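> One structure, pasted below without further comment.
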Amino acid sequence: MSMETRLPHPDDFGPHPAAPLPALPGHSSRGRLERVLRRGEFAVTAELNPPDSANPDDVLERVKPFEGWVDAINATDGSGANCHMSSVAICALLTRVGYSPVFQISCRDYNRIAIQGNVLGAAALGVCNVLCLSGDGVQSGDHPEAKPVFDLDSTALLSTIRTMRDESRFLSGRKITTPPAMFMGAAANPFVPPYDFRPVNLAKKVEAGAQFIQTQYCFDVPLLERFMARIRDMGLHEKCFIMVGVGPLASARTAKWMRSNVPGVHVPDEIIKRLEGAADQKEEGKRLCIDIIQQVREIKGVAGVHVMAYRQEEYVSEIVHESGVLAGRTPWRRDMVAGPMPHEEMVAAQ
């Protein structure tokens with residue numbers, strides 16, 4: 001079989017798309033993302049722009065550009081402090097048809113009672129990955145009058161889920177009969193000061209239970225290289241899988257807006273100049289993303305990329321393909337599954 005048609009690993013299949021994968025030794029979850037990372041394959045995840053809708057078809061339509069190109073799909077949780085369909089609901093819909101979603105929890109919106117209940121519910125629905133976040137401030141979103149919660153911070157959230165998973169108990173001490181088998185993640189931002197604090201903060205999250213990290217957008221590769229050098233000095237690249245955030249910029253104007261309005265995003269002047277000098281700025285933004293992916297892949301300790309293509313989801317397949325990071329590997333696709341979905345079996349029996 002040629003490199004261009006190399007199929008997913010057999011461990012990444014169940015009898016039907018919604019079926020749990022077989023448990024593997026040394027794995028925290030039965031999820032596909034953990035398997036890809038632990039095999040040492042360069043992983044690719046993407047971010048789903050959630051709908052302002054109660055129609056499940058709106059979710060399934062939005063993930064179509066990702067199919068066969070990414071190993072997991074992040075379902076954002078009130079990103080930018082704006083209201084959308086909930087992360088746990090999106091994850092349930094994606095899991096039901098076989099995708100590998102990443103359940104995001106924002107400390108901004110939930111207290112510890114709601115968080116622990118949502119984790120159990122997500123795990124019961126077959127969700128295997130969780131990303132623990134602080135959450136953007138409510139003042140930046142569409143409900144600035146909302147009351148932020150922040151009962152826990154992101155590090156305490158990691159510790160809470162690890163306690164539930166590894167000790168089978170709630171924070172109250174009550175026993176959990178079946179613990180949530182979750183692969184735990186956290187966010188990092190190497191691109192804003194104080195730069196010396198960023199590796200230290202990441203170390204705290206790893207100690208609290210983070211097994212994979214997804215960073216903020218990378219538009220400054222030298223800054224990432226300095227961050228990763230410190231990560232290697234601390235041995236953190238051997239304790240967690242670091243995935244670098246990347247994404248296409250639609251135009252120089254978009255880049256300037258993101259730099260000024262999206263918390264934590266750093267866009268160097270040379271990136272804006274490159275876009276301004278292009279005949280087709282949108283195409284150049286895609287090319288820039290591909291160039292950055294190819295550069296970060298060569299940095300020791302980088303285990304994958306997290307593609308955030310807001311309103312440019314149709315470019316994800318092109319970006320991943322042209323970057324060559326999959327090395328001929330084909331991530332899971334629905335048409336590769338041998339068996340029917342459970343609801344299809346029921347229809348056939350009628």
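The numbering of the sequence shown is the UniProt record's numbering, which starts it at 1 and goes up by one.
The beta-carbon is built from N, C-alpha and C at its ideal position, and this holds for glycine as well.
Nothing here was measured: the structure is a model prediction, and the numbers come from that model.
1. Can you give me the Cβ contacts of ALA210 inside the same chain, cut-off strictly under 7 Å, excluding the 5 residues immediately before and after it?
2. Mind reading off the beta-carbon distance from ILE293 to VAL302? Whole number of angstroms is fine, and I expect it under 8 Å.
3. Report buried or exposed for ALA252, applying the criterion of at least 16 other Cβ atoms within 10 angstroms of its Cβ.
4. Could you check what DSSP says for SER317 in three-state terms: helix, strand or coil?
5. Assuming PHE219 contacts HIS266 under a Cβ cut-off of 8 Å, what Cβ separation, rounded to an integer in Å, is found between them?
6. Have a look at ARG15 and LEU21 and give me their C-alpha separation to the nearest angstrom.
7. Okay, do the segment 122-132 and the segment 100-111 touch, 3+ Cβ pairs below 8 Å being the bar?
8. For GLY185, which three-state DSSP category applies?
9. Can you tell me which of ILE272, VAL59 and LEU236 puts its alpha carbon nearest to the alpha carbon of ARG96?
10. Rounded to the nearest angstrom, how far is the Cβ of CYS83 from that of VAL127, given a contact under 8 Å?
11. For the beta strand (DSSP E) that VAL130 lies in, which residues bound it at each end?
12. Give, in chain order, every unbroken run of the beta strand (DSSP E) that is at least 3 residues long and sits entirely within the segment 65-89.
13. In angstroms, rounded to a whole number, what distance separates the CA positions of VAL192 and GLU276?
14. Is THR45 closer than 8 Å to MET243 when the C-beta atoms are compared?
15. Just checking my contact of LEU202 with ALA181 at CB under 8 Å: how many whole Å lie between their CB atoms?
16. Just checking my contact of ARG108 with PRO148 at CB under 8 Å: how many whole Å lie between their CB atoms?
17. Return yes when the C-beta of PRO193 is under 7 Å from any heavy atom of the ligand MN, and no when it is not.
18. If you check the beta carbons only, do LEU171 and GLN116 fall under 8 Å apart?
19. Inspect the beta-carbon positions of residue 351 and VAL325 and report whether they are closer than 8 Å.
20. Under DSSP, the beta strand (DSSP E) around GLN214 begins and ends at which residues?
21. Under 8 Å by Cβ, that's how I've got PHE42 and ARG297 pegged, so tell me the actual separation to the nearest angstrom.
22. Compare the beta carbon distance of MET308 and GLY235 with 8 Å and say whether it is the shorter of the two.
23. Do GLY135 and SER168 have their beta-carbon atoms positioned less than 8 Å apart in this structure?
24. Note down the Cα distance separating MET3 from GLU61, rounded to an integer number of angstroms.
25. If we ignore side chains and look at the alpha-carbon of each, how far apart do ARG333 and SER323 end up?
26. Report buried or exposed for PRO283, applying the criterion of at least 16 other Cβ atoms within 10 angstroms of its Cβ.
27. Which partner residues of GLU47 appear in the DSSP bridge assignment?
28. Determine which residues share a DSSP beta bridge with HIS306 and list them.
29. Span of the alpha helix (DSSP H) holding PHE227?
With the structure as the only source:
1. LEU158, MET184, GLY185, ALA186 and CYS240
2. Actually they do not touch by this definition, with Cβ atoms about 10 Å apart.
3. buried
4. helix
5. 7 Å
6. Per the sequence presented here, residue 15 reads as Pro, with Arg not at that position. Going from the Cα of PRO15 to the Cα of LEU21 covers about 8 Å.
7. yes
8. strand
9. VAL59
10. That belief does not hold up - the Cβ atoms of CYS83 and VAL127 are roughly 21 Å apart, past 8 Å.
11. 129-133
12. 72-75
13. 24 Å
14. yes
15. So it is not a contact: roughly 24 Å between Cβ atoms.
16. 5 Å
17. Within the structure as shown, the ligand MN is missing, as the structure has no ligands at all.
18. yes
19. Summary: the structure shown does not reach residue 351, with the chain confined to residues 1 through 350, and so no result is reported for it.
20. 212-217
21. 6 Å
22. no
23. no
24. Per-residue confidence for MET3 stands at a pLDDT of 41, beneath the threshold of 50, marking its modelled position as unreliable; no derived number is given.
25. 20 Å
26. Rather than Pro, the amino acid found at residue 283 in this sequence is Glu. By the 10 Å Cβ count, GLU283 comes out exposed.
27. ASN74
28. THR45 and GLY245
29. 221-233
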